[in-house]
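Novice:
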């Protein structure tokens, strides 16, 4: 963020000190025991529950809700964790309104689904606060597995492999584990350092050795890992970011939203964070929404998200879009950036209106400008070089994450076929771990 602090108009301390604590507090208050009972009683406990099918990790949702309803929240958490070891984080950040809750029979009948996400948080928080760990490690197998990337996919794979008795070395490029959960999610969604608390809880299974500040391609290479370990799982996510590709997009005040969110997450005192008065965010996904909302929470007066396609094409959920607008963020759709203007620092962004035609998205020729002293770009991330077959810009995989190289699996954002959700990454890491275990145990 050092490039922004020199730009006139981008300053820290726009709000009164106590306002930062309020703004970055827990977005949704957790349910208490009575509220959880009331919410659980709304579940029909469907025999052919569509919510299970809609969950990427296939949690038995009616079962865990019934366990809450019968005053067994710890048992409910065990049901969740058996399928999704990061169920606590997913309860906070998973777009349940597009997955299990959208499929809920109550949603179809009444327009008000069972609060599955909040119930999941109630259960998982209850168990994680207890001393006992719900899983025991199997007897050591003597087999060793390398897991690259301590994000959702890597953590899920490492835990499942360790549970089966394998020795896991977990390599993480950053100073702290957690991946997207630690560095890439809005601070108000996971306050009180929940990402690190969850990792510490997960690691209590034993059999996992963490090596941080270790990057594939810089500190370790795939050939060495393949030679030293019985199997390798790649879950390092996407390390690079797409550039706007416009002239002058390197002006002061222009930066990628991923690094902004990272920097914000790692700064304890939010009053120290400089923010512009007029902020423009380019993109239509969760990163764009998180950057825009947090800009407002830091005191930016005028924040606009600009997306090149229609609002219905935004990958951010409608709930998140509505949250952004409720915080005062303006949405402009069907417009793409064509120029950055300013003398040294950004002063305006020029956009061209777009339309979808027979040949795809195209500019209409009509342009407009938005004044801005800070611009965040959120137009996707890229995979670094890996010596494996690719499917588009990601690692090609078949089955449960098998890559083009024998003995190497991949999952999460770095692998093709997923939808860039924490819950999907967990499912892919878990399933790859089971496939690796089957191979190591001779069952495959």
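Numbering (the numbering used here), first residue to last: 601 to 1044. Every residue, glycine too, gets a C-beta built ideally from N, C-alpha and C. Model, not experiment: these values are computed from the prediction.
(1) Figure out for me which residue from 675, 985, 636 has the closest Cα to the Cα of residue 837.
(2) With distance defined between alpha-carbon atoms, name the residue in 784, 817, 777, 825 nearest to residue 802.
(3) Once DSSP output is grouped into helix, strand and coil, what is the label at residue 683?
(4) Are the segment 870-884 and the segment 985-996 in contact at 8 Å, needing three or more beta carbon pairs?
(5) Could you tell me if residue 895 is buried or exposed, where buried requires 16 or more neighbouring beta carbons within 10 angstroms of its beta carbon?
(6) If distances are taken between C-alpha atoms only, which option among 951, 891, 950, 941 comes closest to residue 925?
(7) Ignoring anything shorter than 3 residues or poking outside the segment 973-1016, list the beta strand (DSSP E) runs there in chain order.
(8) Going by other Cβ atoms of all chains shown within 10 Å of its Cβ, with 16 needed for buried, is residue 860 buried or exposed?
(9) Could you pull the start and end residues of the alpha helix (DSSP H) that residue 614 belongs to?
(10) Helix, strand or coil: how does DSSP classify residue 710 here?
(11) Hey, residue 723 and residue 664 are a contact pair by Cβ (cut 8 Å); roughly how many whole angstroms apart?
(12) Measure the alpha-carbon distance for residue 814 versus residue 741 and round it to whole angstroms.
(13) If you reduce the DSSP assignment to three classes, tell me which class residue 937 lands in.
(14) Got a sec, what are the start and stop residues for the beta strand (DSSP E) residue 882 sits in?
(15) When every heavy atom of the ligand PLP is checked, does at least one fall within less than 8 Å of the C-beta of residue 947?
(16) Starting from residue 783, trace the alpha helix (DSSP H) in both directions and tell me its first and last residue.
(17) For residue 549, I'd like the list of residues in its chain whose CB is within less than 6 Å of its CB, leaving aside the five on either flank, ordered along the chain.
(18) For a test of the three-state rule: what should DSSP assign to residue 601, helix, strand or coil?
(19) Taking 9 Å as the CB-CB limit, is residue 670 close to chain D?
(20) Buried or exposed: where does residue 606 fall if 16 or more other Cβ atoms within 10 Å of its Cβ makes it buried?
(21) Between residue 1035 and residue 999, is the Cβ-Cβ spacing less than 9 Å?
(22) Leaving out the 5 sequence neighbours to the left and right, which residues in its chain are closer than 6 Å to residue 976 when beta-carbon positions are compared?
(23) Drop a sphere of 10 angstroms on the beta-carbon of residue 608, count the other beta-carbons inside from all chains shown, and report buried for 16 or more, exposed for fewer.
(24) Going by DSSP in three states, residue 1041 sits in which element: helix, strand or coil?
(25) Could you tell me how far apart the beta carbons of residue 753 and residue 1028 are, in whole angstroms, since I believe they sit closer than 8 Å?
(26) Opposite residue 971 in the DSSP bridges: which residues?
Specialist: Looking at the atomic coordinates:
(1) Of the listed residues, the one whose Cα sits closest to residue 837 is 985.
(2) Each of 784, 817, 777, 825 was checked against the Cα of residue 802, and the nearest Cα belongs to 777.
(3) The DSSP-derived three-state label of residue 683 is helix.
(4) Pairwise C-beta distances place the segment 870-884 out of contact with the segment 985-996, as fewer than three of them are shorter than 8 Å.
(5) Buried, because 16 or more other Cβ atoms sit within 10 Å of the Cβ of residue 895.
(6) Of the listed residues, the one whose Cα sits closest to residue 925 is 891.
(7) Listed in chain order, they are 974-977, 1008-1010.
(8) Around the beta-carbon of residue 860, 16 or more other beta-carbon atoms lie within 10 Å, marking it buried.
(9) For residue 614, there is no enclosing alpha helix (DSSP H), as DSSP marks it with neither H nor E.
(10) Note: residue 710 maps to helix in three-state DSSP.
(11) By a beta-carbon distance limit of 8 Å, residue 723 contacts residue 664. Their separation comes to about 6 Å.
(12) Computed Cα separation, rounded: 26 Å.
(13) Residue 937 falls in the strand class under three-state DSSP.
(14) Counting along the chain, the unbroken beta strand (DSSP E) around residue 882 starts and ends at 878-882.
(15) The ligand content of the structure shown is nil, which means the ligand PLP is not present either.
(16) Here the alpha helix (DSSP H) through residue 783 covers 780-783.
(17) The shown model of the chain, from 601 to 1044, leaves out residue 549, and the question about it has no answer.
(18) With a pLDDT of 43 at residue 601, under the threshold of 50, the modelled position of that residue is not reliable, and the figure given next carries that caveat. Under the three-state reduction of DSSP, residue 601 is assigned to coil, being neither helix nor strand.
(19) The question asks about chain D, but that chain is absent: this structure has only one protein chain.
(20) Note that residue 606 scores 48 on pLDDT, short of 50, meaning its location in the model is unreliable; the coordinates nonetheless yield the value given after this. It is exposed - the Cβ of residue 606 has fewer than 16 other Cβ atoms within 10 Å.
(21) At the C-beta level, residue 1035 and residue 999 come within 9 Å of one another.
(22) Excluding sequence positions up to five before and after residue 976, its CB lies within less than 6 Å of the CB of 857, 860, 881, 891, all in the same chain and listed in chain order.
(23) Label assigned to residue 608: exposed.
(24) Three-state DSSP puts residue 1041 in coil, outside helix and strand.
(25) The beta-carbon separation of residue 753 and residue 1028, rounded to 6 Å, stays under the 8 Å limit for a contact.
(26) Beta-bridge pairing by DSSP links residue 971 to 948.
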